[in-house]
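Novice:
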Amino acid sequence: MRAQAVQLCKEATGLSDEHAIDLETGIYNWSLQQADAFRVPKTWTNAKFLNIYCSKTTSILANLDPDSYVGNRELLQRVLANRVKPHDLPFMKPQELFPERWRELVELKVQKDEYATTVKPVAMTDQFKCKRCKKRECVYQELQLRSADEPATIIIICISCNHTWRVG
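Reminder that position 164 of the sequence shown reads as 164 in the UniProt record's numbering, one-by-one numbering, no gaps.
(1) In the DSSP assignment, find the unbroken beta strand (DSSP E) run with V139 in it and report its ends.
(2) What's the gap between the Cα of D88 and the Cα of Y115?
(3) Does the contact criterion of 3 or more C-beta pairs under 8 angstroms hold for the segment 23-42 versus the segment 98-117?
(4) Apart from the five residues just before and just after residue 169, which ones in its own chain have a Cβ nearer than 8 angstroms to its Cβ?
(5) Could you check where the alpha helix (DSSP H) with T25 kicks off and where it finishes?
(6) If you compare alpha carbons, which of L143, D22, V70 is closest to L80?
(7) Whose CA, out of R2, L64, E11, lies closest to the CA of C54?
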């Protein structure tokens, strides 16, 4: 099984023998860690262990292939330039494997979290009805988003389903 994985790594990515063996060793070690964490017997005859190993192998190869559905065009170049060690790949988070894709999503999440913690609802009311869940459990806040001579914008958040909308 492991020899097949090494061969697959070489064929799919064009890695050298040394890099392919190093990558497979990392995948195997990661699989052993996962098997320990989930109390799965570490044998090749165990379907769960085999699934852990094969899933990680497929995931890493998809990230290394610049033409795959993942679209990670930089990772293979970083491995070939020795900026990333092949045996570290299985232990990397998705944000580390493909930072170009995740950077914008992480920044957006940080902005939403900052907004959620800084903008506090002013009042609770049953004056507004949520279009999503049809309940009247809302909090609202008036904000002056435009110039001072225009009316304030009311931002309403449904407590039940977290749906947000504006009035004004």
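Cβ atoms here follow ideal geometry from the backbone N, Cα and C, with glycine treated the same way.
Specialist: Here's the rundown:
(1) Its beta strand (DSSP E) spans residues 138-143.
(2) One C-alpha to the other measures close to 35 angstroms.
(3) They do not touch, by the three-pair rule.
(4) The structure shown does not extend to residue 169, since the chain is modelled only from 1 to 168, so the question has no answer here.
(5) For T25, the enclosing alpha helix (DSSP H) starts and ends at 17-37.
(6) In terms of Cα proximity to L80, the closest of L143, D22, V70 is D22.
(7) Restricting attention to R2, L64, E11, the CA atom closest to the CA of C54 is found in R2.
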